[in-house]
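Below is one structure, written out as structure tokens; the observations come after it.
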Amino acid sequence: MLADRRAASGSDGLDGLRRIGIDEVAYRRGRRYLVVVVDHDTGRLVWVGSRARKETVNQFFVALGPERTAHLTHVTSDSASWIASPVAEHAPKAIHCADPFHIVQWAGDALDACRRQVWNSVRIRQKRGSGAATGAGVPVKNIMWTLRMNPDRWGDQHVESMSWLAATHPDLHRAWQLKEALRAVFATGTGNDRGVTAMELLESWTAHALASQLEPFIELALKITAHRKTIDAALTSGLNNALTESANNKIRVITRRAYGFHNVDALIALAMLSLGIYRPTNPHE
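Our numbering puts the first residue of the sequence shown at 43, with every later residue one more than the last.
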């Protein structure tokens, strides 16, 4: 059916692309992924390929062709190297924008690494029979959910847990403050003056993280510095990967409704028919 719709339209659906988003979505256990490409201007899914790897992204650019690729102005992604490398190779003039959500996610990972360090140090002392740390590993483990929550959703118990953390494990509390500060940077807003303000705040945050003596956040600050060009591009352009995440969620729904797919081509065809330009006309409309 997809082939029929494509033939009837006389188009491969890739004409007129200017701002695109690229991402991957798991469709089956065993690390089975699709690469999805969306059009930021129309909100449509425009291309899907199987297997999340550099070669798949290259296949998209081959399908797009050099002439149409040259018209791309912006590309958003999660900063994965297997996406960034083909984008730089095929569309060097396009502005590559890192997804702010994934940058904040990096901070969450750094915070969790700090929490595990504290937890493991407490567990080691317990095994050695030190009475000073008896039972301390339990609250450190349990506070994980509070650390991950938005403080706006905290109740009294969460506030008490964080007060305990500040008094007993100040380094971990500082790690949480750094995570929240980075989240606040991206909550400042994007585009024009707000984007410039966010860039200045990010510069300040990076300096604090580098001076924090918290290894996971020092590594994060260096990682952000390495990706600074694409992060700044996202802040000034206002583009992110929310549209691709929306397409990913809809593909997951398609997969669940079908109770999975043994043939990935069938999933790709159904995704394109449901979310692309080849959507069948509703006879009742």
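Cβ atoms here follow ideal geometry from the backbone N, Cα and C, with glycine treated the same way.
Taking C-alpha positions only, G58 is separated from G107 by approximately 12 Å. The Cβ atoms of T286 and D65 lie closer than 7 Å to each other. With respect to K221, A149 sits close: the two C-beta atoms are nearer than 7 Å. By the neighbour-count definition (other C-beta atoms within 10 Å, threshold 16), S119 is a buried residue. In this structure, L277 places its C-beta atom within 7 Å of the C-beta atom of A240. Where H116 is concerned, the enclosing beta strand (DSSP E) starts and stops at 116-119. With respect to the 7 Å criterion, Y75 and L309 are not classified as neighbours on the basis of their beta carbons. In this structure the stretch 210-230 lies against the stretch 244-257, because at least three pairs of beta carbons, one per stretch, are closer than 8 Å. A residue is called buried when at least 16 other Cβ atoms come within 10 angstroms of its Cβ; A94 meets this threshold and is buried.
The criterion of a C-beta distance shorter than 7 Å is satisfied by G55 and I319.
Annotation: the continuous beta strand (DSSP E) that includes S92 extends over 87-92. Put simply, the stretch 125-133 does not touch the stretch 286-296. Fewer than three CB pairs are less than 8 Å apart. Burial check for M191: the Cβ neighbour count within 10 Å stays below 16, so the residue is exposed. Residue range 137-140 is occupied by the beta strand (DSSP E) that includes H138. Under the three-state reduction of DSSP, R71 is assigned to coil, being neither helix nor strand. The beta carbons of A140 and I273 sit closer together than 7 Å. For K271, the closest of V99, P142, V77 by C-alpha to C-alpha distance is P142. In the DSSP assignment, R225 falls within the unbroken alpha helix (DSSP H) covering 212-229. In this structure, G72 is the residue among S127, R60, G72 with its C-alpha nearest to the C-alpha of H304.
Scanning its chain for C-beta atoms nearer than 6 Å, with the 5 sequence neighbours on each side dropped, one finds around G233 the residues G280, in chain order.
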